[in-house]
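The structure under discussion appears below in the form of structure tokens.
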Amino acid sequence: MVDYMDKVTASAPGKIILFGEHSVVYGKPAIAASIDTRTFIEAERLEEDRIKIEANDIKVPGLTLSFKEDQIFMEADYGKAAEILGYVKKAVDLVLKETDVDTGISLSISSDIPVGAGLGSSAAVANATIASVSELLGINLTNREIGELGHETELSVQGNSSGIDPMVQAIGGLIYYKDGNFKQIPFRKLPIVLGYTGSKGNTGKLVEEVKKRLEEDPEVMEPIVKSMGNLVDQSRESLEGKFDSEKLGRLMNINHGLLSALGVSTKELSDLVYATRTAGALGSKLTGAGGGGCMYAYCPGRCDEVSTAIEVAGGTPISTKIAKEGVRIEKRE
Ligand code: PMV
Numbered sequence: 014m015v016d017y018m019d020k021v022t023a024s025a026p027g028k029i030i031l032f033g034e035h036s037v038v039y040g041k042p043a044i045a046a047s048i049d050t051r052t053f054i055e056a057e058r059l060e061e062d063r064i065k066i067e068a069n070d071i072k073v074p075g076l077t078l079s080f081k082e083d084q085i086f087m088e089a090d091y092g093k094a095a096e097i098l099g100y101v102k103k104a105v106d107l108v109l110k111e112t113d114v115d116t117g118i119s120l121s122i123s124s125d126i127p128v129g130a131g132l133g134s135s136a137a138v139a140n141a142t143i144a145s146v147s148e149l150l151g152i153n154l155t156n157r158e159i160g161e162l163g164h165e166t167e168l169s170v171q172g173n174s175s176g177i178d179p180m181v182q183a184i185g186g187l188i189y190y191k192d193g194n195f196k197q198i199p200f201r202k203l204p205i206v207l208g209y210t211g212s213k214g215n216t217g218k219l220v221e222e223v224k225k226r227l228e229e230d231p232e233v234m235e236p237i238v239k240s241m242g243n244l245v246d247q248s249r250e251s252l253e254g255k256f257d258s259e260k261l262g263r264l265m266n267i268n269h270g271l272l273s274a275l276g277v278s279t280k281e282l283s284d285l286v287y288a289t290r291t292a293g294a295l296g297s298k299l300t301g302a303g304g305g306g307c308m309y310a311y312c313p314g315r316c317d318e319v320s321t322a323i324e325v326a327g328g329t330p331i332s333t334k335i336a337k338e339g340v341r342i343e344k345r346e
């Protein structure tokens, strides 16, 4: 007999890509980390046969208030909020395909991960949905299987994706990812501060642009992608073997330079990257697809100064930690 609950809450962390974004699309390795900013999804069985999704508290940046006489005008990017709901719907469909149980489901989302900042808000929503709904219906999934279904959700909603986001966010900690396979890297705290530029590039479009540049000038661009792969392997050695913070910082700086050469950095991102280095970060680079979004600075002993530098340079500092845990069940009722 299937033992299922009435209500389950699951959560999933956000992520940053430490090294190797874009080159990972070309079969090179990348290293990603979960961050301790999480999305929570409460899934409840409904008598009625329908799927209801409630977005209670999702951080959609870019909310603008303007005042005129006694009126207040509010603008927000509801497109981004609606996009998130597409991931929930697809994730529910994928879990329902695994069972004969016929039930309505009500889902309620609350998230601390800003939507559209490149911190994995969509993969977190997909993963937490898959975890809560499968648990609700008595389907046992490992974190790895949750990450795989999260990847399927991403492929269906956004098209091209290496799958690194849903996998690291399902597993937690740090992972070395290559061609759909991954290996966990021993957990490290790594003091970092994120800097948000206030806008986000379109991942699919940026991936396409890089592809075009590779096709136009393969002799120049291919060695850049190859070098990115090499620096990821060197970073892994620094993380797993004899820890070398200076080298790690240097490799971050090189990775940012190579991403700029691929054409995915922006002035806003690079301003934050250079400001944090001046403030004492050992290394800093954009993280994720680029074209806006976030950068991160690795700043042992200098994180306060680095946060201030991000603010002065026009960005929003986000303090966070590397999260040890991936997807987890918070509550069963
Ligand atoms: O936009 P993000 O933060 O999900 O990062 C995308 C990372 C890429 O390597 C550019 C694409 C991918 O699918 O790996």
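Mapping the sequence shown onto our numbering, position 214 (from 1) lands on 227, and the numbers just tick up by one.
Glycine residues also receive a C-beta, built at the ideal position from the N, C-alpha and C atoms.
Burial check for residue 230: the Cβ neighbour count within 10 Å stays below 16, so the residue is exposed. About 7 Å separates the beta carbons of residue 201 and residue 335, which is inside the 8 Å limit, making them a contact pair. Separation of residue 56 and residue 148 (C-alpha to C-alpha, rounded to the nearest whole angstrom) is 9 Å. Relative to ligand 1, the beta carbon of residue 146 is positioned no closer than 7 Å to any heavy atom. Here residue 97 is actually not in contact with residue 333; their C-beta atoms are around 20 Å apart, not less than 8 Å. Under the three-state reduction of DSSP, residue 215 is assigned to coil, being neither helix nor strand.
Between the alpha carbons of residue 67 and residue 274 lies a distance of about 42 Å. Nearest neighbour of residue 170 by Cα position, chosen from 224, 107 and 204, turns out to be 107.
The closest CA to that of residue 115, considering only 41, 137 and 146, is found on 146.
With contact defined as three or more Cβ pairs closer than 8 Å, the stretch 199 to 214 and the stretch 293 to 308 are in contact. Runs of the beta strand (DSSP E) spanning 3 or more residues and lying entirely within the stretch 137 to 212 occur at 187 to 191, 194 to 198 and 205 to 209, in chain order. The beta carbon of residue 220 sits closer than 7 Å to at least one heavy atom of ligand 1. In this structure, DSSP gives residue 18 a state outside helix and strand, which the three-state scheme calls coil. In the same chain as residue 283, and ignoring 5 residues on each side of it, no C-beta atom comes closer than 6 Å to its own. Note that the C-beta distance between residue 245 and residue 45 is not below 8 Å. Secondary-structure assignment with DSSP links residue 234 through no beta bridge to anything.
Taking 7 Å as the cut-off, the C-beta of residue 192 does not count as close to any heavy atom of ligand 1. Contiguous alpha helix (DSSP H) elements confined to the stretch 257 to 288 occur at 258 to 275, taking only those with 4 or more residues. When only Cα atoms are considered, residue 206 and residue 133 end up about 16 Å apart.
Relative to the Cα of residue 166, the nearest Cα in the group 263, 103, 255 and 294 belongs to 103. Exclusion of residue 137 from the 7 Å shell around ligand 1 follows from its C-beta lying no nearer than that to any non-hydrogen atom of the ligand. DSSP lists no beta-bridge partner residue for residue 312. Less than 8 Å divides the Cβ of residue 138 from the Cβ of residue 52.
Ranking 183, 285 and 254 by CA distance to the CA of residue 266 puts 285 first. Under the 10 Å beta carbon count, residue 328 is surrounded by 16 or more other beta carbons and is classified as buried. Beta-bridge analysis with DSSP links residue 119 to 57 and 65. Apart from the 5 residues on each side of it in sequence, residue 271 sits with its Cβ closer than 7 Å to the Cβ of 237, 240 and 241 in its chain, given in chain order.
Excluding five sequence positions before and after residue 162, the CB atoms of its chain that fall closer than 6 Å to its own CB belong to 107 and 143, given in chain order.
Under DSSP, residue 27 shares a beta bridge with 48. For residue 298, the enclosing beta strand (DSSP E) stretches over residues 296 to 300. For residue 342, the secondary structure class from DSSP, reduced to helix, strand or coil, is strand. With a 10 Å radius around the Cβ and a threshold of 16 neighbouring Cβ atoms, residue 191 comes out buried. From the listed residues 199, 296, 224 and 337, the smallest Cα separation to residue 28 is found for 337. Per DSSP, residue 332 is one residue of the beta strand (DSSP E) stretching across 329 to 333.
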